[in-house]
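As given, the protein sequences belong to chains E and S, one line each in that order. Heads up, the first sequence is in my numbering, so the first residue is 1 and it goes up one at a time. Heads up, the second sequence is in my numbering, so the first residue is 142 and it goes up one at a time. Beta carbons: idealized from backbone N, C-alpha and C, even for Gly. See structure below.
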Amino acid sequence: MTEFPMPLAPGSFSLDAALDDRTRESCRSAPRTGDEAHPIFAFVAALRGAGTSIETLCSLCGCSIEDGPVLASSEIEYLTPMQVDRTYTIAAEITDRIERPSRRFGQAVHVHVAFRIENAGRDYARVRLHMIMPQRTTDGR
Amino acid sequence: MDDDDTWTLDGVPASEMIFWAELLDDPNPIHSDPEAARRLGFGNRTVNPGPVNLAYVMNLVAQAFDERPLSRITARFLGNVVSGDRVEAVLTERSASGGTARLTRDGGEAVLEADFTLSEEPGS
Chain E
1 MTEFPMPLAP
11 GSFSLDAALD
21 DRTRESCRSA
31 PRTGDEAHPI
41 FAFVAALRGA
51 GTSIETLCSL
61 CGCSIEDGPV
71 LASSEIEYLT
81 PMQVDRTYTI
91 AAEITDRIER
101 PSRRFGQAVH
111 VHVAFRIENA
121 GRDYARVRLH
131 MIMPQRTTDG
141 R
Chain S
142 MDDDDTWTLD
152 GVPASEMIFW
162 AELLDDPNPI
172 HSDPEAARRL
182 GFGNRTVNPG
192 PVNLAYVMNL
202 VAQAFDERPL
212 SRITARFLGN
222 VVSGDRVEAV
232 LTERSASGGT
242 ARLTRDGGEA
252 VLEADFTLSE
262 EPGS
């Protein structure tokens, strides 16, 4: 049985000004002033920059992305505002995996994942996600 | 209520959901395929990725607090926003150092609630 916490493969995320511009436009944000990126990029960098896809994350937890994992909550701590035109390093680990009955899914796995976003030795943000993954029973339901 | 304490978007665009799904590397077809959304019980409109809803709330905070940087934001994802929805983000509590916010969709259904604190103002 896999033990937790489980470190995941590190990764990186490049955040350029054009991407920040497009993302701001997409979510109808005010334009950037200075070089600080939209704060949602802590979330984006964590998910996109981790060396493990959501599909693999589900698999590591004994679940399948085909069953429709959902995001329950997130916590983002900003240590330094993220800036555009930087490439960030992302370290991640699954901190906990808990099986619970679910009114919505019958049985579900609650997965907690922690990410650390840094650049050139400086911490920029810490992100914690709580995901709920439907768990198929042995009879496939 | 102060207008700065409210942020709205009339008609969440389906086209931008595709952008966000690619940005987040999220293969879930409910964000791009109305038929897939229908099959999975979301009606025939595509579903906004959850982080986009959080971005809307961040927009509100930036607007209400004059772009002061966030120190921490905790969010609970309570429901789904679908294409065409009118969404509204509102500050439900406000102090000098932060507050709470709620994002609702058509009919007032709460889809996200967040608590946040802000970085200290320069010179404080």
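Mapping DSSP to helix, strand and coil, what is residue i?
i                 : result
Pro210 of chain S : coil
Asp96 of chain E  : strand
Met82 of chain E  : coil
Ala205 of chain S : helix
Ala45 of chain E  : helix
Val198 of chain S : helix
His172 of chain S : helix
Thr33 of chain E  : coil
Val193 of chain S : helix
Which residue's Cα is closest to the Cα of residue i: the options?
i                 : options                                   : result
Ser12 of chain E  : E:Ala45, E:Ile76 and E:Val84              : E:Ala45
Arg122 of chain E : E:Pro134, E:Pro7, E:Tyr78 and E:Ile132    : E:Tyr78
Val111 of chain E : E:Thr23, E:Arg103 and E:Asp96             : E:Asp96
Arg103 of chain E : E:Pro134, E:Ala125, E:Asp21 and E:Ser29   : E:Pro134
Ile98 of chain E  : E:Arg126, E:His130 and E:Gly49            : E:His130
Gly105 of chain E : S:Arg246, S:Arg209, S:His172 and S:Leu181 : The question names Gly, yet the displayed sequence has Phe at residue 105 of chain E. Phe105 of chain E has its Cα closest to that of S:Leu181, out of S:Arg246, S:Arg209, S:His172 and S:Leu181.
Thr23 of chain E  : E:Phe4, E:Phe43 and E:Ala9                : E:Phe43
Ala37 of chain E  : E:Glu25, E:Asp20 and E:Gly51              : E:Asp20
Gly249 of chain S : S:Glu261, S:Asp226 and S:Gly240           : S:Asp226
Ala120 of chain E : E:Gln107, E:Gln83, E:Gly68 and E:Ala108   : E:Gln83
Leu71 of chain E  : S:Val228, S:Val193, S:Ser173 and S:Gln204 : S:Val193
Arg246 of chain S : S:Pro175, S:Val153 and S:Asp145           : S:Val153
Tyr124 of chain E : E:Ala108, E:Thr87 and E:Arg100            : E:Thr87
Leu8 of chain E   : E:Gly51, E:Ser59, E:Ile117 and E:Ala30    : E:Gly51
Cys58 of chain E  : S:Pro168, S:Asn221 and S:Val222           : S:Pro168
Over what stretch of residues does the beta strand (DSSP E) that includes residue i continue unbroken?
i                 : result
Leu244 of chain S : Gly239 to Arg246
Asp146 of chain S : Asp146 of chain S -> no beta strand (DSSP E), and no H or E assigned at all.
Ile65 of chain E  : Run containing Ile65 of chain E: none; DSSP gives neither H nor E here.
Name the two residues that bound the continuous alpha helix (DSSP H) containing residue i.
i                 : result
Pro175 of chain S : Pro175 to Arg180
Arg22 of chain E  : Ala17 to Ser26
Leu164 of chain S : Ala155 to Leu164
Leu232 of chain S : No alpha helix (DSSP H) holds Leu232 of chain S; the beta strand (DSSP E) holding it covers Arg227 to Arg235.
Assuming residue i and residue j form a contact by the criterion Cβ under 8 Å, report the distance between their Cβ atoms to the nearest whole angstrom.
i                 : j                 : result
Arg209 of chain S : Ser260 of chain S : 6 Å
Asp166 of chain S : Ser14 of chain E  : Actually they are not in contact, since the Cβ atoms of Asp166 of chain S and Ser14 of chain E sit about 14 Å apart, beyond 8 Å.
### Query
Are three or more beta carbon pairs between the stretch 88-96 of chain E and the stretch 228-240 of chain S nearer than 8 Å?
With the cut-off at 8 Å, the stretch 88-96 of chain E and the stretch 228-240 of chain S do not touch.
### Message
Any contact between the stretch 190-208 of chain S and the stretch 251-263 of chain S? By contact I mean 3 or more CB pairs, one from each, below 8 Å.
### Response
Touching, yes, given that three or more Cβ pairs across the two stretches are closer than 8 Å.
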